[in-house]
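For the sequence shown, position 770 matches number 769 in numbering that gives the first Met the number 0, and the numbering has no gaps at all. Note that the Cβ used here is the ideal one computed from N, Cα and C, for glycine as well.
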Amino acid sequence: MSFLKFGSFELDLTNKRLSEAGKPYQLGKKALEILAVLASRAGEIVSKEDLLHAAWPTNTVEEGALRVHIVTLRKALGDSSGRRYIENIAGRGYIFVAPVEVADANHSLHSIPSAAPESNLPRFPGRLIGRESFVETCLIALGSTRLLTISGAGGMGKTAVALEIARRISVSRRVIFIDLAALTDQSLIMPTLASALGLIVFTDDYRQAVLNALRESDALLLFDNCEHLIEAVAVTVDRILKETTGISVIATSRESLRVAGERVRQLPSLPVPEAETSRSELLAFPSVELLIESVRLASDTLSFEDDESVSAAADIVRSLDGIPLAIELAASRVSNLGLTSVLDSLDDPLSILRRGRRTAPPRQQTLRATLDWSYDSLTEDERKLFAQMAVFPGTFSDQGAEAIAGDWLIGEAFDTAFDGLVLKSMIAVSNNDGRYRLLDTTKGYAAEKLAASGLEPQYRKAHALYCREELIRAEYDWRVLPTHDWMRRYGPLINDLRSAANWAFSQQGDLDLAVELIAISNVLWTQLGVMHEQLVAVEKALDLLHSTKHLGTDVELQLRVSRGSGLYHVRGFKSDDEAIAEFERAAVIAEHLGNPGRIMRAYGGKASVASSNGRYTDTIAIALDLQKRFPGAASFSRFLEHNYLFHGEFSASREQAEISLLEASRAVRTTLNNGTGYDQGTIAKAVIAMIDFLEGKIDQSFVAVREMLADSEQLGHSISSCLMLCLTAVPVAYLSGNTADARARLDTVRQLTARDMLVRWQEWVEGYDMIVPDNTQTDEVQTALQGVLLEGVGMRLEYMTVLAGCRASPAALDKALRGDAGWCRPELLRLKAVTLIKKDREKAVAVLREALDLARSMGAVFWELRCAVCLVRLAEPSQAAAAREELVSSLAKFDCTHPIADIEMARKLLA
């Protein structure tokens, strides 16, 4: 018995992991231990003693600690009166009442993927009470407006209602959830939206990248907690709605966005009963139902079957004005104090506080009073810990909370305080992943307490140190976790990094720590697709480096590598010299430190830039030197496969590509690359397909390209796709004479580069646009083409020159021939010979003969054929038979059942 399934959840008993619908769902260690015992003994009463022993095998703890984790489990699982998982049997223990399926490790019960469109919607645990009518009217409203704002005071449940509306829409439309609560800087709205859309953006123009991605989409965007960034959100939403036709928006905010076409729905508090209402009528009020449901999450002893308890519940919700959050806070105290005591303790403080805040709206007075009352009920440790949790900008784990509190509250004392905050609803279970969070209203209240404590700098530093440890773990786990699991685990850390770095760079902060945080966070920025934001942060850290202790250290090394990579990806070819300088500085530090991993990263970065600039010999030398110095330490096949190909060593290139394919099939990470939309297997296949084409294995190449095109749509690796398309799929189609396919594939690259703002690959698209037929034969375009060719460098120059063919000027050909371009040298020589025909026919023939011999020595059958065709056309009558025999020999080397232009032309010459 290794896997248990109940509802939409699956529990891996061996590894103590919970997932929902196939996605990891984080719970605290103790809650998981308790769940494992209950679910594995489903239908059986498990004593409290057994559960306490499972979670605390070496410690004696109070029964209240168990109750806290039972509450946490019920909230996480969505336990409600309509769908129960865990029941209490008075005086005996707990029982898991939901149906459970069992499977062994070889037959995991992973949920069948839903056919619904993709969505990142958090799950709302529990039942939404008393809002059905509001939800229905909002759904109707969305039929006639593209912007719906759900407005209302804090604590009304705007997020819960919006999630329910979005959940119903997600059955037929893609829904993107954007939680703005963790953001304090309006400039981060677009980067956050880009990350939610899965974009990897390599420029500072996140807005354009987002608009490009949304322009043809049919989707709903849900912007949650807008009020603190209201003006920027309004501008963002207005722009999106104006530039798209299929996008709708729901916003939750305490005020409207004031955007044209906006429909505003004010979310009221829940209706409360008048005094003297009958018991049966009281139970029908949603506010009373919510209180009873919330009380039952924490306590199974109250049945609410007598008139007195139901009447007390009605009095409580009436005193709280039907505000859902206030009701839940009060309900959390019922199990300890009882209904009557809670009612008595609420009455006096509320009346006093209301009189003291006449300028605030009545319901805000009530909520503030309830928060004060709840805070006053906390122990000293709970108050201190509650204030400290305000340093988290978003969700957090109990381990994270303990790490921050570690200087003064550890072990059982921490558990007691943290569990108390959960039990009293001051900390909520996150809707999204089972972690914890402060609700927006309670977070603001906690921030006030944090500021008043006088200890905020100490707590902020503790948070920054915790963030540092998490970043170190994230880098390690990147090597072993699949991307989806890694993103679920570490994606939210970006908000902690931003918050911690902002504090650490401030006057009250810690500059050494700030610089270190930026240095060690490369993989996080990269995976979330915010490389421009990273580059800005890295350059800020480098500007301040001289004022820190990090000069010449591993921290400076990592900053240099990150800047080199950022310049390469974000700023394009014009910054390549700067990028190489950064990698060279990093290499000097790495050599001094004697760190093999860092040495390989630094030289690997330099090799990537050098390769892009056509310095294939240098790149091969770097890779072979690293391979010799650090045998088995890392894969260098990625560098060697391409550079051997471009250097004209097809056999060596194929061998390295096959090694890459093998490595890609058996490991999560095998290269020195930190992601950036890169897939090692795709690149290796692209290399092999190009070699096949040049070697005359046309059918094999065409099949491989078709498979790669299909696979790339599924993988979603933008850089891999661009590389495969620009270096293999587009050239293969164009050189074959299939200009329609070439143009279609180029359009695919255009869409990818526009979506992710891939500056480097946009330059490829612009170059190919001047060559691949589609009104490219005008004088204006051809003049521009010669300018681009003369400015071009490396492989981009080589590819453009080869595809331009006879349109390339002699100067462009000479420039391309001066480089290391072995792969296309026979073709460049052939094109040079063509330019010489009218001036010096004899020399032209000599250059063609040189090109033919080189093509044969390389095994480049495609170039050989082209050279042979030209020699037939230029042959003197006495040489015509020999030239034709050479052409026949070249044709025989092809494996091609598909008609391609060059073969057809050769056959016509021979006819």
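- Secondary structure note for Val-96: it is in no beta strand (DSSP E), with a DSSP letter that is neither H nor E.
- One thing to note: Phe-284 has its Cβ no nearer than 8 Å to the Cβ of Asp-223.
- If you draw a straight line from the Cα of Leu-210 to the Cα of Glu-242, it comes to about 7 Å.
- With contacts defined by Cβ atoms closer than 8 Å, Gly-405 and Gly-613 do not form a contacting pair.
- Around the beta carbon of Ala-891, fewer than 16 other beta carbons sit within 10 angstroms, so the residue counts as exposed.
- With at least 16 other beta carbons inside 10 angstroms of its own, Thr-251 counts as buried.
- Taking C-beta separations shorter than 8 Å and ignoring five residues to either side along the sequence, the partners of Phe-582 in its chain run Arg-559, Val-560, Gly-563, Ala-601, Tyr-602, Gly-604, Lys-605 and Val-608, following chain order.
- Take Pro-456, set aside five residues on each side of it, and the residues of its chain with a beta-carbon closer than 6 Å to its own are Gln-507, in chain order.
- Around the C-beta of Ile-426, 16 or more other C-beta atoms lie within 10 Å, and the residue is accordingly described as buried.
- DSSP places Asp-314 within a helical segment (H, G or I) once states are collapsed to three.
- Residue pairing by DSSP places Val-248 opposite Leu-146 and Leu-220 in a beta bridge.
- For His-568, the CB contacts under 7 Å within the same chain, skipping 5 residues up- and downstream, are Phe-201, Met-530, Thr-675 and Arg-759 in chain order.
- C-alpha of Ala-880 to C-alpha of Lys-907: approximately 15 Å in a straight line.
- Taken atom to atom, the span from the alpha-carbon of Ser-132 to that of Ala-152 is near 19 Å.
- Between Ala-161 and Ile-249 the beta-carbon gap is near 5 Å, inside 8 Å, which marks them as a contact.
- As DSSP reads the structure, Arg-262 sits in a beta bridge with Leu-147.
- In the displayed model, Glu-230 falls within a helix according to three-state DSSP.
- Less than 8 Å separates the beta-carbon of Gln-699 from that of Asp-894.
- Within its own chain, the residues whose Cβ lies closer than 8 Å to the Cβ of Leu-336, once the five positions on either side in sequence are excluded, are Ser-344, listed in chain order.
- Nearest C-alpha to Tyr-798 among Asp-768, Asp-778 and Glu-779: Asp-768.
- The DSSP-derived three-state label of Asp-375 is helix.
- Excluding its 5 nearest sequence neighbours in each direction, Leu-192 has C-beta neighbours in its own chain below 7 Å: Ile-177 and Val-209, listed in chain order.
- Here Gly-565 is buried: its Cβ has 16 or more other Cβ atoms, across all protein chains shown, within 10 Å.
- A distance of 8 Å or more separates the beta carbons of Leu-851 and Leu-827.
- If you draw a 10 Å sphere on the C-beta of Leu-693, you find 16 or more other C-beta atoms in it, and that means buried.
- Contact between the stretch 480-491 and the stretch 510-520 is absent: fewer than 3 CB-CB pairs across the two stretches fall below 8 Å.
- Contact between Lys-4 and Glu-100 holds, with the beta-carbon distance rounding to 4 Å and staying under 8 Å.
- Here Leu-342 really is in contact with Ala-311; their C-beta atoms are around 6 Å apart, less than 8 Å.
- Taking C-alpha positions only, Ile-658 is separated from Glu-648 by approximately 16 Å.
- In this structure Gly-766 touches Arg-795 by the C-beta definition: roughly 6 Å separates them, less than 8 Å.
- Boundaries around Lys-4 are those of the beta strand (DSSP E), 2-5, since no alpha helix (DSSP H) includes it.
- Residue pairing of Ala-102 in beta bridges, as defined by DSSP: Phe-2.
- Of the other Cβ atoms in all chains shown, fewer than 16 fall within 10 Å of the Cβ of Gln-713; this residue is therefore exposed.
- Minimum Cα-Cα distance from Ile-168 among the listed residues Arg-597, Arg-83, Leu-269 and Ser-247 corresponds to Ser-247.
- One Cα belongs to Leu-138, the other to Arg-253, and the distance between them is close to 20 Å.
- Of all C-beta pairs linking the stretch 727-744 to the stretch 584-602, fewer than three are shorter than 8 Å, placing the two stretches out of contact.
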